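Residue numbers (our numbering), protein chains in the order written: chain A, 1 to 492; chain B, 493 to 588.
Note that CB positions come from ideal geometry on N, CA and C, so glycine has one too.
Note that the structure is a prediction, hence the values are computed from the model and not measured.
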Amino acid sequence: MSQAAMTSELFNKTITELAALLEAKTITSVQLTEAVIARTQDVEERVKAFNSFDTADALSQAAASDARRAAGQALGPLDGIPIGIKDVIAVTGQPLTASSKMLANFVSPYDATVTQKLKKAGAVIWGRLNLDEFAMGSSTENSAFHTTRNPYNLDCVPGGSSGGSAAALAAGEAIATLGSDTGGSIRQPAALCNVVGLKPTYGLVSRFGLIAFASSLDQIGPFNRTVEDAAITLQAIAGYDENDSTSVKIEIPDYRAALKEKKGPWRIGIPKEYFGEGLDPEVAAAVEKAIEFYKSIGCEIKSVSLPHTEYGVGVYYIIATAECSSNLSRYDGIRYGHRSANAKDIVDLYYKSRAEGFGPEVKRRIILGTYVLSSGYYDAYYLRAQKVRTLIRQDFLNAYNEVDAIITPTTPTPAFKRGAKADPLAMYLCDVYTIGVNLAGLPGMSVPCGFSSGGLPIGMQLIGQPFKEADLLAIANAYDSAHDWSKRTPNL
Amino acid sequence: MAANEDLNIDRIANLARLALTPEENVKFSAQLAEVLTNIEKLKQVNVDGVEPTAHAFPIYNVWADDVAKPGLSVEDALRNAPAQRDNMVVVPKVVE
């Protein structure tokens with residue numbers, strides 16, 4: 001391959017491939033970062049994945065990486081790799097907007113723990129990626145700034161809330177990205193954009209420096225082109241952090257090594273509740289074909305039941321909105337964020353700053369969350385939801401007595417058209433297959449498993465046991481390394 | 493339960509310190525009534541004797557050593573303040 005041909009599509013390569021090229025000194029991080037920047041400048045007008053990016057800052061990080069490598073001090077597989085960051089994760093000196101007018105002018109004074117960890121691994125921190133405002137939504141249409149497009153069909157949504165993270169990666173505007181997942185916000189856009197998305201077990205990855213939406217559900221996780229890349233990225237960001245009181249002290253295994261060491265065969269559970277009414281037949285067919293693959297490599301496929309699945313959306317929209325109404329009370333126009341210029345006194349300042357700073361979906365969720373927590377309704381809604389959450393979690397733990405992992409579709413349908421789900425309830429029901437994983441605190445992944453007849457990506461969801469990401473990644477890799485869906489790229 | 497009628501949106505918006513326009517008030521009332529109707533399904537579940545889950549993996553008694561560590565500089569801490577003076581955040585007058 002000529003030098004030109006090898007570098008022309010650098011932006012579509014995997015971390016594994018690029019780490020080898022960097023290590024062999026075939027390319028430099030500056031060349032790679034320039035290729036990603038050029039690609040971004042070429043397609044971003046159509047994709048609109050970013051809220052902002054800082055090319056000078058990225059190139060100076062890349063130059064630092066090259067200098068380390070020249071001095072024989074390269075830091076590992078992520079050294080010199082441009083990684084995009086969802087605009088709810090703090091990066092010192094860069095904007096941190098949550099795609100909200102409330103934080104339109106906010107500049108982060110510190111790094112999130114995951115940002116620190118990526119920097120220590122040598123990654124080039126690249127850009128601020130669009131999302132639904134405060135991560136509330138499933139399409140990025142709730143961003144106060146602009147809607148991100150699905151690179152496979154610009155009329156369709158990329159999913160959400162981490163739509164910018166999924167679309168940027170699919171479009172070659174980054175080599176990997178980080179997102180956050182409260183009810184499916186990594187897995188759903190990953191499925192809709194033909195990339196791998198991983199939501200770790202609650203407590204594996206620090207939430208310090210992640211703008212809080214629903215604290216008992218939020219987790220940060222990576223978007224990647226392959227499961228192997230996901231293992232590499234998770235390795236860099238996982239681990240105990242004293243700055244997050246829900247961070248769990250466990251030993252972090254070598255995830256990449258586990259891909260080779262753990263060979264199965266595995267017992268795989270198929271929950272019938274996830275294959276019923278509302279599931280698009282093409283999605284069902286693609287996921288069933290993937291299940292056939294697992295059977296063909298000797299896995300035992302078992303039917304399992306998660307009987308409380310149908311209550312997941314209801315439980316989620318009580319617990320998530322309750323927590324959001326509490327978390328977002330900090331946006332009062334006093335210490336940071338939007339302050340109304342029209343307030344007549346301090347209390348009026350709260351009302352008006354919040355009214356002007358928040359968009360419609362955030363307001364709806366604050367209202368709903370305040371309602372379910374209000375005196376006289378707490379037991380009927382919030383306490384009951386927490387009890388049903390126990391039952392949903394128990395369903396999964398019961399199933400894990402019989403199986404190692406569970407496979408479901410990630411989403412009921414492929415990407416939908418922008419504007420197609422104007423009704424909030426219809427949008428909430430998009431998350432029906434992903435919500436249970438957050439409520440139960442489990443690790444879940446979306447892995448590309450096909451395309452619809454209309455050319456839109458389809459993802460399958462693999463759900464693992466708590467803190468057994470090594471097994472989950474190995475199971476996912478068995479499929480991913482034997483298929484080449486992720487090598488397909490959009491025609492932009 | 494008649495959640496639809498119970499949702500007094502003015503009262504709730506007041507609790508949330510959120511000013512809603514009359515249009516938002518009407519729109520949100522209808523949309524949230526629909527969401528609440530869907531949520532009513534939870535009443536079908538028998539939760540007798542079931543403990544509530546606040547966190548999937550509860551961790552109790554997380555202590556940090558009581559040692560001073562470097563924090564943000566005053567300048568950094570105030571960088572995003574809407575109004576500041578003499579190293580303090582300026583707010584509207586709260587006492588007469």
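Kindly say whether residue i, judged by its beta-carbon, lies nearer than 7 Å to any beta-carbon of chain A.
i, result
"B/R509", "yes"
"B/N553", "no"
"B/K533", "yes"
"B/A573", "yes"
"B/V542", "yes"
"B/A494", "Here B/A494 scores only 41 on pLDDT, less than 50, and its place in the model is too uncertain to base an answer on."
"B/V539", "yes"
"B/E589", "Lying before the first or after the last residue shown, residue 589 of chain B is absent from chain B, which here runs from 493 to 588."
"B/Q523", "yes"
"B/P584", "yes"
"B/V581", "yes"
"B/D502", "no"
"B/D568", "yes"
Under 7 Å between C-beta atoms, does residue i make it to chain B?
i, result
"A/P95", "no"
"A/Q219", "no"
"A/Y240", "no"
"A/D345", "yes"
"A/L472", "no"
"A/K352", "yes"
"A/A426", "no"
"A/G183", "no"
"A/G464", "no"
"A/R418", "no"
Cα separation between residue i and residue j?
i, j, result
"A/L118", "A/I237", "7 Å"
"A/P490", "B/L524", "38 Å"
"A/Y110", "A/V315", "34 Å"
"A/A285", "A/K487", "21 Å"
"A/G184", "A/K101", "24 Å"
"A/D395", "A/A426", "25 Å"
"B/L510", "A/V124", "40 Å"
"A/P466", "B/F549", "9 Å"
"A/A135", "A/I252", "28 Å"
"A/G72", "B/I531", "59 Å"
"B/L593", "A/S108", "With chain B covering 493 to 588 only, the question about residue 593 of chain B has no answer from this structure."
"A/P457", "B/P574", "44 Å"
"A/P307", "A/I392", "8 Å"
"A/T411", "A/D431", "7 Å"
"A/G264", "A/Y400", "16 Å"
"A/V43", "A/I318", "39 Å"
"B/K585", "A/D348", "12 Å"
"A/S2", "A/A474", "Caution applies to A/S2, whose pLDDT of 46 falls short of 50 and renders its modelled position unreliable; the value that the coordinates give is listed next. Going by the C-alpha atoms only, they are around 34 Å apart."
"A/Q94", "A/D345", "32 Å"
"B/I501", "B/F520", "8 Å"
Between the Cα of residue i and those of the options, spot the shortest distance and give me the residue it belongs to.
i, options, result
"A/L21", "A/Q41, A/S138, A/G76 and A/V287", "A/G76"
"A/G459", "A/D79, A/G122 and A/A476", "A/A476"
"B/V527", "A/G369, A/K295, A/A405 and A/Y479", "A/G369"
"A/P448", "A/I291, A/E17 and A/A341", "A/I291"
"A/E361", "A/F213, A/R207 and A/I334", "A/F213"
"A/Y274", "A/T226, A/T413, A/V388 and A/G357", "A/T413"
"A/E133", "A/S161, A/G80 and A/R46", "A/S161"
"B/I551", "A/I250, A/R68 and A/T148", "A/I250"
"B/N572", "A/A19, A/G333, A/F451 and A/N327", "A/G333"
"A/R39", "A/G172, A/E356 and A/M445", "A/G172"
"A/P409", "A/G137, A/Q61, A/P271 and A/D241", "A/P271"
"B/Q536", "A/Y428, A/P151, A/G137 and A/E310", "A/E310"
"B/L503", "A/T201, A/S481, A/I367 and A/A478", "For the record, residue 503 of chain B in the displayed sequence is Arg; it is not Leu. Nearest option by C-alpha distance: A/I367."
"A/D254", "A/N105, A/R225, A/R418 and A/T233", "A/T233"
Mapping the DSSP letters down to three states, classify residue i as helix, strand or coil.
i, result
"A/K417", "strand"
"A/L198", "strand"
"A/L492", "coil"
"A/T434", "coil"
"A/R389", "helix"
"A/M427", "helix"
"A/M136", "coil"
"A/E273", "helix"
"A/S353", "helix"
"A/P189", "helix"
"A/A284", "helix"
"A/F106", "coil"
"A/D181", "strand"
*Anything in the region 380-410 of chain A with a Cβ closer than 8 Å to a Cβ of chain B? List those residues in chain order, please.*
A380, Y381, L383, R384, A385, Q386, K387, V388, R389, T390, L391 and R393
*Contact list for the region 100-112 of chain A against chain B, Cβ threshold 8 Å*: N105, F106, V107, P109 and Y110
*Return the residues of the region 321-339 of chain A that lie within a Cβ-Cβ distance of less than 8 Å from chain B, sorted by chain order.*
S325, S329, D332, G333, I334, R335, Y336, G337, H338 and R339
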